[in-house]
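Undergrad: First, the structure itself, so that you have it in front of you.
Numbering (our numbering), first residue to last: 1 to 147.
Rendered as structure tokens:
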């Protein structure tokens with residue numbers, strides 16, 4: 001089996017413009033294939049100074065709940081687009097994964113992690129190497145109506 005970095009390199013050189021999206025989906029598929037139990041996730045959002053990501057975290061919460069995932073907590077950074085590893089709440093979410101208190105991170109979109117391809121790839125590979133995942137709420141997703 002190829003190591004994560006080798007798999008990512010193979011995807012990148014395949015010429016597919018969606019290699020990062022494919023890698024992100026692979027983190028989910030890899031994690032989901034190992035367990036039949038409900039996953040525990042951390043909700044994460046990124047915003048700018050002084051702004052509360054209430055709507056983003058609520059959307060991520062509803063999505064996780066609809067998937068049947070338990071929520072270990074919610075965290076957000078209000079430092080804007082900085083390198084992910086420099087963000088306190090991102091690191092808090094990673095500590096929950098390292099400590100096996102959660103298996104994944106749910107965000108509303110990729111920009112919550114990074115718009116920089118290299119930083120985003122590094123985050124995905126870190127997660128994949130730990131059998132964890134990163135899930136983004138699909139842009140066209142809407143909560144199921146309550147019956």
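Cβ atoms here follow ideal geometry from the backbone N, Cα and C, with glycine treated the same way.
Note that the coordinates shown come from a computational prediction; the quantities given were computed from them, not determined experimentally.
Here's the rule: buried if 16 or more other CB atoms are within 10 angstroms of the residue's CB, otherwise exposed. What is residue 139?
TA: Residue 139 should be labelled exposed.
Undergrad: For residue 110, which residues in the same chain have their Cβ closer than 7 Å to its Cβ, ignoring the five residues on either side in sequence?
TA: Same-chain partners within the cutoff: 120, 136.
Undergrad: Please classify residue 83: does DSSP put it in a helix, a strand, or coil?
TA: Residue state, collapsed to three classes: coil.
Undergrad: Between which two residues does the beta strand (DSSP E) holding residue 77 run?
TA: Here the beta strand (DSSP E) through residue 77 covers 70 to 77.
Undergrad: Residue 84 and residue 113 look like a contact to me (Cβ under 8 Å); what is the Cβ gap, rounded to whole Å?
TA: Yes, residue 84 and residue 113 are in contact; Cβ-Cβ is about 6 Å, under 8 Å.
Undergrad: Compute the beta-carbon to beta-carbon distance between residue 65 and residue 106, rounded to the nearest angstrom, for a pair I have assumed lies under 8 Å.
TA: No, residue 65 and residue 106 are not in contact; Cβ-Cβ is about 10 Å, not under 8 Å.
Undergrad: List the DSSP bridge partners of residue 136.
TA: Residue 136 is bridged to 107.
Undergrad: Tell me whether residue 102 sits in a helix, a strand or coil according to DSSP, three-state version.
TA: Three-state DSSP puts residue 102 in coil, outside helix and strand.
Undergrad: Hey, residue 125 and residue 133: beta-carbon distance below 9 Å or not?
TA: Contact flag unset, no.
Undergrad: Just list the residues that DSSP pairs residue 44 with in beta bridges.
TA: DSSP, once it has assigned bridges, lists 75 as partnering residue 44.
Undergrad: Need the endpoints of the alpha helix (DSSP H) that residue 61 sits in, please.
TA: Looking at the DSSP string, the run of the alpha helix (DSSP H) that includes residue 61 is 54 to 67.
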